[in-house]
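Only one structure is covered here, and it is reproduced in the block below.
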Amino acid sequence: MKAESFKPLLPIVGVIGLVAVWSLVTWRQWVDPVLLPSPTATAQALWQGMDGGTLGFDFVKTVYRTAAATAIAAVIAIPLGIVLGASEKVYRSLEFVIDFFRSTPASAMFPLFLILFGVGDETKISVAAFGAVLVIVFNVAYGVMNARKTRLLAAKVMGASRLRVLVDVMLLESLPQTFVGLRNGVSLALVIIVVAEMFIGSQDGLGHSVFEAQQLFEMPRMYAAIFAAGVLGYGLNLLFLLIERRFVHWSGK
Amino acid sequence: MSAAPHALRSQSAGVLSPYQEAAAKKRPHVTIRGLSKHFGTTVIYDKFDLDLPRGELISVFGPNGCGKSTLINMIAGLTPPDAGQILFDGMRLDEIKFGYVFQNYREALFPWLRAFDNIAYPLKLMRVPVNERRARTERLVAHLGIKLDLKLYPYQMSGGQQQLVSIMRALIVEPEILFLDEPFSALDYEMTLFMREQLQRIFMETGTTTVLVSHDLEEAVFLADRVLLLSRHPALVADFPQVSASRPRTDATLSDPEFIRIKAHCLEVFQREVRRA
């Protein structure tokens, strides 16, 4: 009983361990303090930055861009994935193209998108959306194609039309896999957005914050921005997991 | 339901006696003529003819791969035959209401719907209004006297409970004929015994013509009014004996001499067919 009640606290052990090692290293000065500030200095920079500082503003900017990119990607990719998955012939004929662009680093598309959209938010968001679309399409289509044959037959034998089977069965059957796609998609979108904020004439965002702090050698601020990005990535994944557990309660059962 | 108008049509003089009505009900329900089906180079059915009587529970039994499931799948429209005709009181499949229960209940039910909504789903397809769906589902559950928490999702239920939900889903449309493809073979023995009892009760309550594919001879005979014994493919009717034991059948039925005799007869026919290969 006692051992069981400790279980939820286990992840904290790793966090405490990391902070302990980090404190020891900075306290003994094993690493140049300019390169690795103490946990307290970093926490302070994080707090000040988030509490009315520029970091908070940058954080919100990155959240907005990532959310916009993911939303656009989902709106395009989910219906497309269902259409592709519903007909194996259509999917097989496009599979190579999708796989090819899915394997192409999205960052290689920056110059092209810069020409298309200029140096504004559109470029960052559309490159991230481009990357996320391919990941989501691929997963949705596979979710639809792998719909349980018996379930489709059951609907058919009860007299469901093709459209009904698509809406009532295939769509729901593909949801668990769709969420896998959304989680991967949002992670990829965040990566692309942060990279874009660093190098593509950006004035704000977490990527810009990390890059600027590094240029100015403000190490605590740089670490703070990195942690903020980590929190954001973890939080987005967790958010999608919670949504999935709420709406796709049958997943994995 | 639809037997009466048929009988009237064949009888030029108006009123039917109760006896005639009973006889009309025993008219063949399903008529199969010239049914042919092959998979690859294997001929499963070759000009196969069969009449299935109305209001009876018919078990289909035969050697492995002889086409038991293929037969009911063709009758239920899941597998298209190469040739031949299957009529229900002279009507085509799309003109009648029927129910089908799959062996794999886990994949046949919809895990995103509660048991209650799973059962009511066919009514949704028939565009029955929500209130009436609810009422009809509640009526069916009460009628069958099945005690289940229908607010649960399928994955929260035992295998037997899930299969009961599947059967109720098949019955909700008030089918004229019910097909079950090895419905209990994924269940453990204890649950199988319980489910046989449930199916018998459901059959006695509804009197729906029922076609059950079984790979368990005892089960096939225990549940059936008639056992359809098929030969190896190309499948022929090896025998179609009646099982006259009265219902409800119980554990005592299993040791009844007449029951044992018919079971032994079925086994003999089965083994003769197996050896013929």
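Each protein sequence line maps, in turn, to chains A and B.
By this note's numbering, the letter at position 121 of the first sequence is numbered 121, and the numbering carries on one by one without gaps.
By this note's numbering, the letter at position 125 of the second sequence is numbered 125, and the numbering carries on one by one without gaps.
Every residue, glycine too, gets a C-beta built ideally from N, C-alpha and C.
Please list, in chain order, the chain B residues whose beta carbon lies closer than 7 Å to that of residue i.
i, result
"A:K61", "Neighbours of A:K61 on chain B: none; closest Cβ ~37 Å, over 7 Å."
"A:K253", "P111, Y155"
"A:A154", "F102, A108"
With 7 Å set as the bound, which would you pick, yes or no: does the beta-carbon of residue i sit closer than that to a beta-carbon of chain B?
i, result
"A:G159", "yes"
"A:W250", "yes"
"A:T150", "yes"
"A:L172", "yes"
Taking the alpha helix (DSSP H) that residue i belongs to, which residues open and close that run?
i, result
"B:Y105", "105 to 108"
"B:H265", "257 to 275"
"B:P28", "Note, B:P28: premise wrong, no alpha helix (DSSP H); beta strand (DSSP E) at 28 to 39."
"A:L190", "171 to 199"
"B:F240", "Run containing B:F240: none; DSSP gives neither H nor E here."
"A:Y223", "219 to 247"
"A:T66", "54 to 86"
"A:T123", "121 to 145"
"B:A142", "130 to 144"
In angstroms with no decimal places, state the Cα-to-Cα distance between residue i and residue j.
i, j, result
"B:L267", "B:T250", "21 Å"
"B:P53", "B:V30", "7 Å"
"A:G205", "A:F211", "10 Å"
"A:M145", "A:V180", "15 Å"
"B:E219", "B:R196", "8 Å"
"A:T178", "B:T79", "31 Å"
"B:D117", "B:Q198", "21 Å"
"A:S107", "A:I115", "14 Å"
"B:A24", "B:D89", "Bear in mind that a pLDDT of 49 at B:A24, under 50, signals an unreliable position, so the number given afterwards is only what the model happens to contain. If I take the Cα positions, the gap works out to 11 Å."
"B:A245", "B:E258", "8 Å"
"B:V243", "B:F222", "8 Å"
"A:T42", "A:V15", "15 Å"
"A:E95", "B:N73", "34 Å"
"B:E205", "B:L144", "7 Å"
Starting from the Cα of residue i, find the closest Cα among the options and give me that residue.
i, options, result
"A:V21", "A:V34, A:P39, A:F6", "A:P39"
"A:G159", "B:K124, B:L187, B:S185", "B:K124"
"B:G55", "B:D94, B:D225, B:D82", "B:D225"
"A:L182", "A:G252, A:M145, A:A67, A:M109", "A:A67"
"B:A115", "B:Y45, B:L78, B:Q271, B:K147", "B:K147"
"B:I167", "B:T210, B:A252, B:L193", "B:T210"
"A:F199", "A:P105, A:P111, A:L116, A:G85", "A:P111"
"A:P220", "A:V34, A:L171, A:V194", "A:V34"
"A:A74", "A:S93, A:A128, A:A41", "A:A128"
"B:I172", "B:M157, B:Y100, B:P111", "B:Y100"
"A:Q44", "A:A228, A:A224, A:R245, A:F247", "A:A224"
"A:R65", "A:T26, A:G120, A:E88, A:F227", "A:G120"
"B:T192", "B:F203, B:Q161, B:M204, B:L109", "B:Q161"
"B:R272", "B:P129, B:V237, B:F39", "B:V237"
"A:V97", "A:V157, A:V137, A:G118", "A:V137"
"A:K89", "A:A141, A:S107, A:T62", "A:A141"
"A:K124", "A:A155, A:A229, A:M109", "A:M109"
"B:P28", "B:G77, B:L87, B:Y155, B:P154", "B:L87"
"A:V19", "A:L153, A:S5, A:L36", "A:L36"
"A:A155", "B:C66, B:A252, B:L254, B:F102", "B:F102"
"A:H249", "B:K97, B:P111, B:V274", "B:P111"
"A:V63", "A:Q214, A:Q48, A:V186", "A:V186"
"B:V43", "B:V141, B:V60, B:G65", "B:G65"
"B:S59", "B:V165, B:L178, B:V274", "B:L178"
Would you kindly report the start and end of the unbroken beta strand (DSSP E) that includes residue i?
i, result
"B:R201", "Looking at the DSSP string, B:R201 is not in any beta strand (DSSP E); the run it does join, the alpha helix (DSSP H), is 189 to 206."
"B:L164", "No beta strand (DSSP E) contains B:L164, which is instead part of the alpha helix (DSSP H) from 159 to 171."
"B:D181", "177 to 181"
"A:H208", "Run containing A:H208: none in the beta strand (DSSP E); it sits in the alpha helix (DSSP H), 206 to 215."
"A:V34", "First-last for A:V34: undefined, no H or E at that position."
"B:S59", "57 to 61"
"B:F98", "98 to 101"
"B:D46", "42 to 53"
"B:L229", "226 to 230"
What residues from chain A crowd round residue i, counting only those whose CB sits closer than 9 Å?
i, result
"B:E182", "Those do not exist, as B:E182 stays about 13 Å from chain A at its closest Cβ, beyond 9 Å."
With a threshold of 7 Å between beta-carbons, can residue i be considered close to chain A, or not?
i, result
"B:E219", "no"
"B:P122", "yes"
"B:A115", "no"
"B:S10", "Since pLDDT at B:S10 reaches only 37, below the 50 mark, its modelled position is unreliable, and the value read off the structure follows with that caveat. Answer no: the Cβ-Cβ gap between B:S10 and chain A never drops below 7 Å."
"B:L193", "no"
For residue i, return the contacting residues in chain A, with the cut-off set at a CB-CB distance below 7 Å.
i, result
"B:A76", "V157"
Under 8 Å Cβ-Cβ, which residues of chain B neighbour residue i?
i, result
"A:R164", "L125"
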